[in-house]
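What follows is a short report on a single structure.
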Amino acid sequence: RVLHVYHDFWPMRGGIEDHLADLTRVQASQGIEPIVLCANARPVTHCNHPVSCAAKDRPPPDDVLVIRAASIGRYLTPVCPSWPRWIHALQPDVVHLHLPCPLGEWAVWLSRPQRLIVSLHNDYVRPRLALKLHRRLHRAVLKRASAIIVGAPDYAATSPVLADLQSKVHSVPYGIDLANYAPASSAKQGGEVLYAGKPYRPIYDMALKRAEEAAGRKVRRPELAFAVMDHSVSTKNRAAPVADPDARAQF
Numbered sequence: 001r002v003l004h005v006y007h008d009f010w011p012m013r014g015g016i017e018d019h020l021a022d023l024t025r026v027q028a029s030q031g032i033e034p035i036v037l038c039a040n041a042r043p044v045t046h047c048n049h050p051v052s053c054a055a056k057d058r059p060p061p062d063d064v065l066v067i068r069a070a071s072i073g074r075y076l077t078p079v080c081p082s083w084p085r086w087i088h089a090l091q092p093d094v095v096h097l098h099l100p101c102p103l104g105e106w107a108v109w110l111s112r113p114q115r116l117i118v119s120l121h122n123d124y125v126r127p128r129l130a131l132k133l134h135r136r137l138h139r140a141v142l143k144r145a146s147a148i149i150v151g152a153p154d155y156a157a158t159s160p161v162l163a164d165l166q167s168k169v170h171s172v173p174y175g176i177d178l179a180n181y182a183p184a185s186s187a188k189q190g191g192e193v194l195y196a197g198k199p200y201r202p203i204y205d206m207a208l209k210r211a212e213e214a215a216g217r218k219v220r221r222p223e224l225a226f227a228v229m230d231h232s233v234s235t236k237n238r239a240a241p242v243a244d245p246d247a248r249a250q251f
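Residue numbers (this note's numbering): 1 to 251.
Below, the structure written as C-alpha cells:
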C-alpha cells in the first residue's frame, strides 16, 4: 500500500498532478494499492474515485482511492488538520510525499510514517519570509526520507538542499506516454498552433518558420513574439558578466 501525499489531484491539472495520475495508474496495474491524500476545496472530506469527477482526459483507474481531506482555507498551501490522522489511520507500507507541499511536510513530521519516500519535483523559491520559517522542517523531512527522487541528474547535482544528501538521491526520469501527446492528423483542420521552446533568436525564428510550413499558414501576430532570457544570466549576481561564451552570444 503506497500513500501519495500532495495537495492537489485529478481533475486538477498540472505537471505534478498529471504525473501522479500516471503513476497511480501504472502502480494499480502492477498490483500495488495506491492511495492519494489531497485537499478538498471545502471543509468537507470526500473519499471517492477520480472517475466520478467530470474529467474526461486520462483519469486514473477507478480502483485508486482518493481522499480529499477537508480544508479550512489556503495560504500558499491548503490547511488540512486531518492529514496526520489520515496518514496514521491508513497504515501505508510507504508514504510517498511529493514536494513542494509544505502541508505534506508538516503532516509526515507529525505522523512519523515508518517508511518515507520523497519526490522533490522542484525547490521552494518563494515567498522568502515563509522559506526562512520552513527551511528547518524541510531539511528535517528530507533527512528522514529513506530515498529522495528527482527527475534529472542535473537537478540532483545543483539543488542546494540536496548538497549533503546525495547518498539517498535517485534520479528517475518522468515516464511519459507519448501516445497521449500524438499530434493531430493535420494542423490545417483548424485551431491554433502554439510553439514553446528556448527563446534563442535563430532557433526561435527557425521554429516559427517551420510552424508556418507545417500549419500551411503564417504566424498571426509576429510582432507580438518576444523572448525571455533564462539560464544565461546569473541568479546570484545579476550584475556579473555572463562568463560562458555561448551564453554571452545568446544574451
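Ideal Cβ placement from N, Cα and C applies to all residues, glycine included.
Asked, Found
"Inter-stretch contact at 8 Å, needing at least 3 Cβ pairs: the segment 154 to 165 / the segment 2 to 22", "no"
"beta-carbon V94 near the ligand ADP non-hydrogen atom, thresh 7 Å", "The ligand ADP is absent from the structure shown, which contains no ligands of any kind."
"CA-to-CA distance, E105 to R135, given in whole angstroms", "11 Å"
"Residues of its chain near R201, where Cβ-Cβ distance is below 6 Å and the 5 sequence neighbours each way are ignored", "Residue placement at R201 is poorly supported in this model, since its pLDDT is 48, which falls under 50; the coordinates still yield a value, given next. No residues qualify anywhere along the chain."
"Beta-carbon gap between L276 and V118 smaller than 8 Å", "Given a span of 1 to 251 for the chain in the structure shown, any question on residue 276 remains unanswerable."
"Span of the beta strand (DSSP E) around P34", "34 to 39"
"Local conformation of V2 per DSSP, three classes", "strand"
"Start and end residues, beta strand (DSSP E) containing V169", "169 to 171"
"Cβ pair count under 8 Å reaching 3, the segment 145 to 157 against the segment 37 to 49", "no"
"Cβ neighbour criterion (16 or more within 10 Å) applied to R68", "buried"
"Alpha-carbon to alpha-carbon, C80 and V5", "12 Å"
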